[in-house]
Amino acid sequence: MSAADLVVIGAGPAGLAAAASAAGLGLATQVLDEQPEPGGQIFREIERVAASHPALFSLLGEDYGAGLELLGRFRASGARHLPRATVWQIDDERRVYYRHAAGAASIQARQVLIATGALERPVPVPGWTLPGVMSCGAAQTLLKSAALVPDGRVVLAGSGPLLLLVAVQLLRAGIRPAAVLETPIQRFAALRHLPRFAAAPGYLNKGLAMLRELRASGVPFRRGVRGLAVSGAGRAEAVRYDWRGRRREQDVDLVLLHQGLAPNLNLALSLRCEHLWDESQRCFRPRLDPWGACSVPGVWIAGDGGGIAGARAAECSGALAALAAACSLGRISKHERDARAKPFLRERERHLAARAFLDTLYRPPAEILAPSEPRTVVCRCEEVTAGEIRRLATEQDCPGPNQMKAFTRCGMGPCQGRLCGLTVTELIAESRNISPAEAGYYRIRPPVKPVTVGDLAELDV
Ligand SMILES: Cc1cc2nc3c(=O)[nH]c(=O)nc-3n(C[C@H](O)[C@H](O)[C@H](O)COP(=O)(O)OP(=O)(O)OC[C@H]3O[C@@H](n4cnc5c(N)ncnc54)[C@H](O)[C@@H]3O)c2cc1C
């Protein structure tokens with residue numbers, strides 16, 4: 434297919450729900466996703482795991498298993514799915530460029546849905562670039578996609594639901610972490626949001642169940658840990674931290690870090706669509722209407738890429754964007770769109786009710802947002818440190834991340850700022866005593882993912 438009514442980028446809950454709805458409404462729908470199988474982060478490789486690894490399937494839990502129903506709907510819908518297809522650009526005419534097994538290609542879309550999900554927030558503590566340090570999400574990816582578990586002394590550190598979930602999944606897989614170190618959380622500030630959180634479907638019970646499972650395991654669970662640092666000669670050998678008034682040190686083989694999620698924005702940013710600073714989630718996100726329309730006509734954004742809201746809300750926002758795209762292509766009337774949207778709008782509200790509590794409780798500590806140790810590497814691709822960014826922000830009057838790029842090359846490596854963007858914004862804002870919104874974010878240009886000159890030369894344009 435070299436043209437489609439709707440091109441969906443991302444095959445997570447948002448993209449799958451959107452594609453199933455759109456195809457069901459008669460739109461020629463093409464899904465492009467860089468992973469080998471559909472499912473996104475939460476339902477990664479779910480069909481293969483369900484078919485050939487029943488023990489792994491059950492240890493990954495109920496939320497994971499729930500994805501089979503969505504995958505079934507997607508498979509039955511007639512939407513096309515191209516795996517291992519990495520999108521690097523969407524142009525002004527909504528032509529989508531991607532790279533896949535057969536080389537580089539493009540597809541003309543009448544409407545585009547960006548459903549590229551979330552990334553784990555960077556956790557720039559001293560030593561986070563050493564071999565033997567990974568993110569919790571990366572460990573979970575290995576578990577889901579290759580049934581791989583770590584061995585040796587594993588320490589999980591940071592905060593957020595995914596930290597607890599991965600700790601519990603490892604325990605169920607027979608891996609006993611040496612410790613779980615939780616950085617300070619905002620219990621008192623979050624309390625006022627507890628009633629709405631408790632009313633949101635299932636969240637409180639799931640959270641309490643994970644805490645109980647972790648506590649029952651006897652794994653040391655240290656809360657309120659500060660001053661986290663990883664050290665070692667050439668690889669992670671020890672983790673150091675302040676806890677209960679004393680500096681502690683623990684020998685490790687593997688450190689798994691996590692400090693929440695942030696929207697994966699690069700494709701939306703490369704389109705120059707309007708973004709705003711979200712203070713409660715401490716990140717930028719695209720400005721969207723309730724259907725997922727951004728400021729660029731014909732482009733919709735759904736799921737965690739539009740703001741972190743979780744898998745069920747992502748599914749609802751995908752279905753809503755599909756209805757809106759079908760309506761703007763004249764496939765259904767506004768009346769029909771609005772009538773079909775009602776259950777999804779209601780369901781999304783119920784899930785969004787959980788956010789204020791989670792966002793407040795797990796707001797990342799200041800020392801993670803803007804690392805104080807000057808030698809801490811912030812931009813891993815170009816090896817730019819926190820000290821260098823602070824010095825240039827003040828001594829050279831560098832006003833924002835784009836000027837910082839010119840001084841240091843930060844954000845110019847293969848990840849195109851995905852791993853350092855938020856930290857650079859926070860460091861500049863803190864050093865210049867301005868808000869992150871005023872400091873701004875990198876001006877992202879295509880290609881948003883690495884592409885070779887050979888790929889470009891192959892393109893039939
Ligand atoms: C590492 C990680 C693990 C997580 N694990 C869990 C979990 O176990 N349980 C849970 O409840 N929540 C989990 N979450 C949160 C969860 O991802 C979301 O709440 C939910 O999956 C969001 O759905 P989505 O459709 O918006 O995005 P995702 O599920 O993230 O799907 C986005 C898809 O877009 C694809 N993509 C991104 N960029 C491109 C591109 N340029 N070209 C082509 N494809 C692209 C990705 O490969 C991915 O398949 C996790 C998040 C992360 C980052």
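Those letters in the sequence shown? Residues 434 to 894, per my numbering, in order.
In this text, a Cβ means the ideal position worked out from N, Cα and C, and glycines have one as well.
How about residue i and residue j: do their beta carbons lie closer than 7 Å?
| i | j | result |
| --- | --- | --- |
| C814 | C760 | no |
| A758 | Q544 | yes |
| Q522 | P879 | yes |
| C727 | C706 | yes |
| L756 | R745 | no |
| A572 | F507 | no |
| I608 | V566 | no |
| H691 | T793 | no |
| E478 | S578 | yes |
| A799 | T809 | no |
| V464 | S703 | no |
| V672 | V685 | yes |
| Q541 | R532 | no |
| M643 | V601 | yes |
| A447 | A662 | no |
| A534 | R517 | yes |
| V588 | V482 | no |
| L762 | D438 | yes |
Does ligand 1 have a heavy atom nearer than 6 Å to the CB of residue i?
| i | result |
| --- | --- |
| V520 | yes |
| E553 | yes |
| A499 | no |
| A509 | no |
| Q829 | no |
| G445 | yes |
| A548 | yes |
| Q468 | yes |
| D496 | yes |
| K882 | yes |
| D737 | yes |
| I475 | yes |
| A537 | no |
| A772 | no |
| A744 | yes |
| A512 | no |
| A786 | no |
| A633 | no |
| A747 | yes |
| G560 | no |
| G570 | yes |
DSSP on residue i, reduced to helix/strand/coil?
| i | result |
| --- | --- |
| A437 | strand |
| E822 | Reading off the sequence shown, one finds Ile at residue 822, where the question assumed Glu. Looking at I822 - three-state DSSP - the assignment turns out to be helix. |
| L689 | strand |
| V936 | Here the chain comprises residues numbered 434 to 894, so residue 936 is not present and cannot be evaluated. |
| M567 | strand |
| S761 | helix |
| R532 | strand |
| Y874 | coil |
| Y795 | coil |
| H514 | strand |
| E553 | strand |
| P832 | coil |
| E615 | strand |
| A633 | coil |
Does residue i pass the burial test, meaning 16 or more other C-beta atoms within 10 Å, or should it be called exposed?
| i | result |
| --- | --- |
| H768 | exposed |
| E526 | exposed |
| E891 | exposed |
| V894 | exposed |
| A803 | buried |
| N699 | buried |
| R779 | exposed |
| E553 | buried |
| E828 | exposed |
| N376 | The first residue shown for the chain is 434 and the last is 894, placing residue 376 beyond what the model contains. |
| S864 | buried |
| G651 | exposed |
| K838 | buried |
| P869 | buried |
| T519 | buried |
| P807 | exposed |
| T562 | exposed |
| A444 | buried |
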